[in-house]
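If you're matching positions, the sequence shown starts at 392 in my numbering and goes up one per residue.
Beta carbons: idealized from backbone N, C-alpha and C, even for Gly.
In what follows, a structure is listed as structure tokens, so that the remarks can point back to it.
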Amino acid sequence: MLKEKVAVITGSSRGIGKEIAHLFLQNHAKVVICGSTKENASKTLEDFVSMGFSEADMMAVGMDMRDMDSIQNCIQEIIQMFGRIDVLVNNAGITSSASLLDTSDSDFQNMFDINVFGTVKVTREVVKYMKEIGGSIINTSSMVGINGGRNQASYAASKSAINGLTLSLAKELGGYNIRVNAVAPGVVETDMMRNSVSDQMKEMLIRMTPLARTAKPTDLAGAYLYLASDLSSFTTGAIIKVDGGLVL
Ligand code: NAD
392 MLKEKVAVIT
402 GSSRGIGKEI
412 AHLFLQNHAK
422 VVICGSTKEN
432 ASKTLEDFVS
442 MGFSEADMMA
452 VGMDMRDMDS
462 IQNCIQEIIQ
472 MFGRIDVLVN
482 NAGITSSASL
492 LDTSDSDFQN
502 MFDINVFGTV
512 KVTREVVKYM
522 KEIGGSIINT
532 SSMVGINGGR
542 NQASYAASKS
552 AINGLTLSLA
562 KELGGYNIRV
572 NAVAPGVVET
582 DMMRNSVSDQ
592 MKEMLIRMTP
602 LARTAKPTDL
612 AGAYLYLASD
622 LSSFTTGAII
632 KVDGGLVL
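Set out below in structure tokens:
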């Protein structure tokens, strides 16, 4: 489904991003695995090689979302290696669970530096090339960015910003045949969730979820494949909820 397409996936050394990379490789994309360090990304690339995927179809880069030089260097490297970027998945992110009174300005700043400004920086660099050929940009939002979340003001605000960015860039970049959409996951079993959601909270969220379970990264990846592929050729400015029906 993604033959000949080059896909850059931020935060793909583990979790949801790694599963997106896996599904894209199965669908014959050339995939750039981005980790916060090159070491993490290379380890993931090795995992895919051991599953039988060709090293020639992959590239591992260390891209620190807070560092403009790191982002610019990576995009240059990717263009040198593959010559184009057809799909950008903005997936790298952090979360936090703290009351407003326990969230300092620098905590808020760090959240926005990674989740929002990192996404803006990578997107701007990629659009410089993508506008010549068209493409698909897929942002990772969260159900919390739509509904809000108790003790999640900084995270929710960052994901609401991602929604605004998605809707605005869909309008701005449509003329270049660049589609911009987002996926809003619910509760997904990854390191992020395990480190931020207590067992008690998880049980409560499951009770509130019509599909009565949490998601696995494999439950998410299909939405990204749809948005990356030409199956979604007339879809832009969409924020697709993949949350088992959970309404917070
Ligand atoms: P994860 O913690 O397993 O993975 C996060 C990825 O982001 C990792 O690859 C990590 O290296 C990368 N990353 C973090 N900080 C970075 C930085 N400064 N520079 C470069 N890369 C950095 O988390 P996940 O659950 O796979 O989350 C992926 C995305 O999904 C995030 O944007 C997250 O907000 C979103 N999300 C997750 C859930 C969930 O329940 N897990 C729910 C809604 C949204």
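Comparing the CB of residue i with every heavy atom of ligand 1, is any distance shorter than 6 Å?
i    : result
D375 : Limits of the chain in this structure are 392 at one end and 639 at the other, which puts residue 375 out of reach.
A552 : no
V517 : no
V578 : yes
D438 : no
G426 : yes
P400 : Strictly speaking, residue 400 in this sequence is Ile, with Pro absent from that position. I400: no, Cβ never under 6 Å from ligand 1.
S545 : no
N482 : yes
S433 : no
I498 : Correcting the residue type first, residue 498 is Asp in the shown sequence and not Ile. Not under cutoff, so the answer is no.
I528 : no
R541 : no
R585 : no
With the cut-off set at 7 Å, would you say residue i and residue j are in Cβ contact?
i    : j    : result
K632 : A575 : yes
S656 : G536 : Since the first residue of the chain shown is 392 and the last is 639, residue 656 is not available in this structure.
N464 : N530 : no
Y615 : S623 : no
D455 : S427 : yes
Using DSSP with H/G/I as helix, E/B as strand and the rest coil, what is residue i?
i    : result
M449 : strand
P674 : In this structure the chain extends from 392 to 639, so residue 674 is not present and cannot be described.
T640 : There is simply no residue 640 to check, as the chain begins at 392 and stops at 639 in what is shown.
I485 : coil
G426 : strand
L479 : strand
I630 : strand
K421 : strand
V399 : strand
Measuring CA to CA, which of the options is closest to residue i?
i    : options                : result
N572 : R585, L558, G566       : L558
R585 : S488, L479, L414, A614 : S488
D610 : T627, I485, V399, G577 : G577
M472 : M583, I553, V397, Q591 : V397
G526 : N418, I407, T626, G635 : T626
K522 : Q467, T494, R570       : R570
Just checking residue i against ligand 3 - is the residue's beta carbon closer than 6 Å to any of the ligand's heavy atoms?
i    : result
S533 : By its list of ligands, the structure shown excludes ligand 3, since it contains just ligand 1.
Please check the pair residue i and residue j, which I expect to be a contact at CB under 8 Å, by giving their CB distance rounded to whole angstroms.
i    : j    : result
L393 : A432 : Actually they are not in contact, since the Cβ atoms of L393 and A432 sit about 20 Å apart, beyond 8 Å.
P601 : V579 : That pair is no contact at about 16 Å.
I528 : N506 : Actually they do not touch by this definition, with Cβ atoms about 16 Å apart.
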